[in-house]
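Chemist:
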Amino acid sequence: MDSRNSQIRYATVNIDEYIRQHYRSRFLYIYRNVKKFYYRLEAVQLDIQYLKICRSKDIIPSFLCFKTANSDLSSSRVYKDCQRKLLNVEINVKHKKLNELKKMYELSVNQLRELSSPDFFEHLYELSVSKCSGLIDKKRTTLNKKLLSLSPVNSSSHNYNSKFVTNLSSRVLSNEELICLANGLDYSLPAKSINFINVASNVEIFFHRITDVYQHQKKSMNEHKEYEAISESDVRVLNTKELTLANDLSSLTKSFLKRANRGQIQKNKFDFQQQSYRKLLQKLKEDTPIIITRPNKGRGVVLMDKQDYVNKIQSILNDSSKFSSLSEDPTLARENSLKSLLRKLHDQGQTTDQFYYLARPTGSNPGRLYGFSKVHKQPVSLRPVLSSIGTFNYGLGKALTQMLSDLIDNKNMIKDLSSFVKDLHALDDPLSTFKIVSFDVVNLYTNIPVDATINIILKELYEDRPVPPIIERNDLKELLTFAIKKSHFLFDGKIYDQIDGVSMGSPLAPLLAQIFFQEFEKKNLSLFENLGILYWKRYVDDTFVLLNPKFSTEKVCAELSKLHPSVKFTSQEEDAVTHKLPFLNVLIQQQEGIGFQTRQTCRHLKTRINEHLYDQKQFLPQPVKIPEINKKKKKISQNPIPLYTGPITRSRTVKLPSSSIKLYKDYIDELLKQTTVKLKNEEPPVPKSAISKHYIKT
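Here the sequence shown stands for residues 272 to 969, numbered as in this note's numbering.
#1: Do I770 and F594 have their C-beta atoms closer together than 8 Å?
#2: I need the DSSP call for R355, collapsed to helix, strand or coil.
#3: Sorted by chain position, which residues of the same chain lie with C-beta nearer than 8 Å to G866's C-beta, five sequence neighbours on each side aside?
#4: Starting from D711, trace the beta strand (DSSP E) both ways and give me its first and last residue.
#5: Is it the case that the region 339-348 contacts the region 315-328, given that we only count it when at least three CB pairs across the two stretches are under 8 Å?
#6: Using the three-state DSSP reduction, which class does I766 fall into: helix, strand or coil?
#7: Pull the bridge partners of N438 from the DSSP assignment, please.
#8: Quick check on D519 - is its C-beta less than 8 Å from some C-beta in chain D?
#9: CB-CB under 6 Å to R631, same chain, minus the five flanking residues each way: which ones, in chain order?
#10: Going by Cα to Cα distance, which pick from K374, R348 and L678 is closest to D735?
#11: What does K851 pair with, by DSSP beta-bridge criteria?
#12: What does the alpha-carbon distance come out to for the pair Y641 and P836?
#13: What residues in its chain sit with their C-beta under 8 Å from that of S399, if we drop five residues either side in the sequence?
#14: Entirely within the region 622-670 and at least 3 residues each: give me those beta strand (DSSP E) ranges in chain order.
#15: Where does Q585 sit, in a helix, a strand or coil, going by DSSP?
#16: Skipping 5 residues on each side, what residues in its chain have a beta carbon closer than 6 Å to that of I741?
#17: P737 by DSSP, collapsed to three states: which one?
#18: With contact counted as at least three CB pairs below 8 Å, one residue from each stretch, are the region 798-814 and the region 668-676 in contact?
#19: I need the boundaries of the beta strand (DSSP E) containing T841, first residue and last residue.
#20: Kindly list the residues whose CB is nearer than 6 Å to the CB of G668, restricted to its own chain and excluding five residues on each side of it in sequence; keep chain order.
#21: Taking its Cβ as the centre, do 16 or more other Cβ atoms sit within 10 Å of P737, making it buried, or is it exposed?
#22: Do L831 and F840 have their C-beta atoms closer together than 8 Å?
#23: May I have the straight-line CA-CA distance separating K765 from L597, to the nearest angstrom?
#24: Hey, how far is the Cα of P637 from the Cα of I584?
#25: Does E882 pass the burial test, meaning 16 or more other C-beta atoms within 10 Å, or should it be called exposed?
#26: Can the beta-carbon of L335 be found closer than 8 Å to that of Q316?
#27: Going by Cα to Cα distance, which pick from L629, I290, N589 and F799 is closest to G661?
#28: Tell me the DSSP secondary structure of S387 in three-state form.
#29: Since R295 is in the alpha helix (DSSP H), which residue starts that stretch and which ends it?
#30: Would you call the region 464-472 in contact with the region 512-521, where contact means no fewer than 3 C-beta pairs closer than 8 Å?
#31: With T814 as the anchor, note down where its beta strand (DSSP E) starts and where it stops.
#32: Do H759 and P601 have their C-beta atoms within less than 8 Å of each other?
#33: What distance in whole Å lies between the Cβ atoms of L312 and L372, which are believed to be in contact at a cut-off of 8 Å?
#34: Taking the alpha-carbon positions, what's the V364 to K525 distance?
#35: Using CA atoms only, rank isn't needed, just tell me which of N370, R442 and V857 is closest to D687.
#36: Can you tell me where the alpha helix (DSSP H) holding L597 begins and where it ends?
Pasting the structure below:
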């Protein structure tokens, strides 16, 4: 027996014939069963992995594509749901078959082990595995080819455009990372779990924002703090429209949670896509030397080296005429000073209750500075933006914006993109013979002369108007000074103060820019005509101009820059060959004698909420690399979240959630149309700025 074992140990060719000659036929039968069941076991495991990948990516294998009597049924939702159910049944059948094969394989292996010595058994086992490995690899290759040839049921063409992602960092992005980032900063993956407390709190915040409930609550809380007593005014009775809105929001929230729970139950269909994108985003998050922000214009993603980002911001802050570094935080002192002034004006009857409670600060924080990349210009610079939400003068800025909004004259302003295009198409054909030029103001907000703008406002209100405001001129000037000139912020762990100019991000910034430029245009209107400017339309700091071809664009730009020491223009002229010029998000083409043609220059990146909150079958319908079948996925079970059936009321903790969950936009828009509740400008405080991802933690 030992001699036989020593011989069979080295026999690798014609092993079946050798066993037939030296052993009984039953031994050969058992050996062949071991090989057969081993291959079938591995093949079924590959089939299960293949089917599970199909299910996770919403791919239907070809054997489940069946004909119907009505050809229209093949594109219906019922047909696709039937295919998915059959796919689940097939996976269950494969699992049952796998269990049966395991028993048969283990039985054959045990029988072979009993009839042979340990060395002989080990040799035969290794030989059977090696003989089956080629067939298994061939089957794995075949299944991978099938995966590549199939497409998701809900697939849609997702043409990735590299212009949506601007990589200015030293990190080399993979194609998968580019596709992931191209969805934009507002695109988010479905939540792993839905927390009802967060949902309820955010519904309350939304309800506060479109009604005056928060203003009433803020007033009563302030009275309670000041007088340490609760009056009858603390009770706020909702009117009919508010009750209807509250009831509709409650129903909508319950519907949302039902759909969310249903998505959690079916989440195994999207496991691969979710895990793939989560891993990509996690890697980008852990790469601390880079920072992710958005471009100054349009909607996209910009990656920068963090040190380069900090250096560019610091170069702006080094301008001693605009910014100064502070040794200590002045938030508390400035908040108390503003409170005293507002209380005095309110007691004297110079301000209304609404103005007082909107402007009165509580629990203020310094602002946060970050930058948007001007990727459309070379070299790339940053536009500084100050997140002033939660600052001591944020409410004051909103209150003053309401008060001063009627000072704006919309004659030369571009209200929005659609109105601009409409006006452009309505121009007379002879105007299409003039040059298309755009002028851009360099760092408009930081260069606005604050004192001059305040004087323009005061002159308009107290000298040009027959009836001045109730508030005294000096008091209004002091309020404007608080709102504009006393703006401090944090950047990179240091506190700075803006001593001149207006910070972009302040509620008053757009209004002040419009007021200043409106006065600038009034004073120089006659000069515009002398410079050959026949058409002038401005959107904040970008101006669209039709210029007489006889005039030089560079000379006109230089003359405009001389009109005010704080205003410097840059210019861009139409292409000499194509006569095209990009302005805002529109590509404008001049056609002599015909008019102007326009088209959008970049895709609008929508927050496709319906793709990942309601219809999760459409989650990220874009081409991604399908993994090869190599190992089994672990199945993680989660218990569905119980549905809360109580009323939507103020949360018991009286705290706001750390994150926000957006409601379905179409439902909300329709809801607001039905209820027509008056929008209020006051926003309740949120614990975390929605734009916190753009600035460095301080």
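Just so you know, even glycine gets a beta-carbon here, dropped at the ideal spot from N, CA and C.
Modeler: This is what the structure holds:
#1: In the sequence shown, residue 770 corresponds to position 499, counting from 1. In the sequence shown, residue 594 corresponds to position 323, counting from 1. Yes, Cβ-Cβ distance for I770 and F594 is below 8 Å.
#2: Here residue 355 refers to the residue found at position 84 when the sequence shown is read from its first residue. R355 falls in the helix class under three-state DSSP.
#3: Taking the first residue of the sequence shown as position 1, residue 866 is located at position 595. Closer than 8 Å at Cβ, skipping near neighbours: H696, L698, D700 and S703.
#4: Along the sequence shown, read from residue 1 onward, the residue named residue 711 stands at position 440. D711 -> beta strand (DSSP E) spans K706 to V712.
#5: no
#6: Within the sequence shown, residue 766 is the residue found at index 495, counting from 1. In the structure shown, I766 sits in a strand (DSSP, three-state: E or B).
#7: Stepping through the sequence shown from its first residue, residue 438 is reached at position 167. DSSP lists L574 as partners of N438.
#8: Here chain D cannot be found, since the structure has a single protein chain.
#9: Start at 1 with the first residue of the sequence shown, and residue 631 comes out as number 360. Here the set comprises L613.
#10: Translated into the one-based positions of the sequence shown, residue 735 becomes position 464. The option with the nearest alpha carbon to D735 is L678.
#11: By 1-based counting over the sequence shown, the position of residue 851 is 580. Bridge partners of K851: Q860.
#12: Numbered from its first residue, the sequence shown carries residue 641 at position 370. Numbered from its first residue, the sequence shown carries residue 836 at position 565. Rounded to whole angstroms, Y641 to P836 spans 27 Å at the Cα level.
#13: Here residue 399 is taken as the residue at index 128 of the sequence shown, counted from 1. Contacts found: Y302, V305, K306 and Y309.
#14: 638-644 and 653-658
#15: The residue labelled residue 585 in the question sits at position 314 within the sequence shown. Looking at Q585 - three-state DSSP - the assignment turns out to be helix.
#16: Locating residue 741 in the sequence shown gives position 470, where the first residue counts as 1. Q621.
#17: Residue numbering aside, residue 737 sits at position 466 when the sequence shown is read from its first letter. Coil at P737, not helix or strand.
#18: no
#19: For this step, residue 841 is matched to residue 570 along the sequence shown. Note, T841: beta strand (DSSP E), F840 to E844.
#20: Here residue 668 is taken as the residue at index 397 of the sequence shown, counted from 1. Cβ neighbours of G668 beyond the five flanking positions: A754, S777, P778 and L779.
#21: As a first step, residue 737 is located in the sequence shown; it is residue number 466 there, counting from the start. Exposed is the call here.
#22: In the sequence shown, residue 831 corresponds to position 560, counting from 1. In the sequence shown, residue 840 corresponds to position 569, counting from 1. Going by C-beta atoms, L831 is nearer than 8 Å to F840.
#23: Position 494 of the sequence shown, counted from the first residue, corresponds to residue 765. Position 326 of the sequence shown, counted from the first residue, corresponds to residue 597. Distance between the alpha carbons of K765 and L597: 8 Å.
#24: As a position in the sequence shown, residue 637 is number 366, starting the count at 1. As a position in the sequence shown, residue 584 is number 313, starting the count at 1. Each residue's alpha carbon lies about 17 Å from the other.
#25: In the sequence shown, the residue the question calls residue 882 occupies position 611. Note on E882: pLDDT 36, under 50, position unreliable in the model; no value is reported.
#26: If you number the sequence shown from 1, residue 335 lands on position 64. If you number the sequence shown from 1, residue 316 lands on position 45. Against a cut-off of 8 Å, the Cβ pair of Q316 and L335 comes out as no contact.
#27: Counting from one through the sequence shown, the residue named residue 661 turns up at place 390. Here the closest residue by C-alpha is L629.
#28: Position 116 of the sequence shown, counted from the start, is the residue given in the question as residue 387. The answer is coil: DSSP assigns S387 none of H, G, I, E or B.
#29: Here residue 295 refers to the residue found at position 24 of the sequence shown. It is not in any alpha helix (DSSP H) - R295 carries neither H nor E in the DSSP assignment.
#30: no
#31: Here residue 814 refers to the residue found at position 543 when the sequence shown is read from its first residue. T814 -> beta strand (DSSP E) spans D813 to L818.
#32: Your numbering for residue 759 matches position 488 in the sequence shown. Your numbering for residue 601 matches position 330 in the sequence shown. Their beta carbons are under 8 Å apart, which means H759 touches P601 by this criterion.
#33: For this step, residue 372 is matched to residue 101 along the sequence shown. For this step, residue 312 is matched to residue 41 along the sequence shown. At roughly 5 Å, the Cβ-Cβ gap stays under 8 Å, so L372 and L312 are in contact.
#34: In the sequence shown, residue 364 corresponds to position 93, counting from 1. In the sequence shown, residue 525 corresponds to position 254, counting from 1. If I take the Cα positions, the gap works out to 37 Å.
#35: By one-based count along the sequence shown, residue 687 stands at place 416. Out of N370, R442 and V857, V857 has the C-alpha closest to the C-alpha of D687.
#36: Counted from its first residue, the sequence shown places residue 597 at position 326. Segment F594 to L597 is the beta strand (DSSP E) holding L597; no alpha helix (DSSP H) there.
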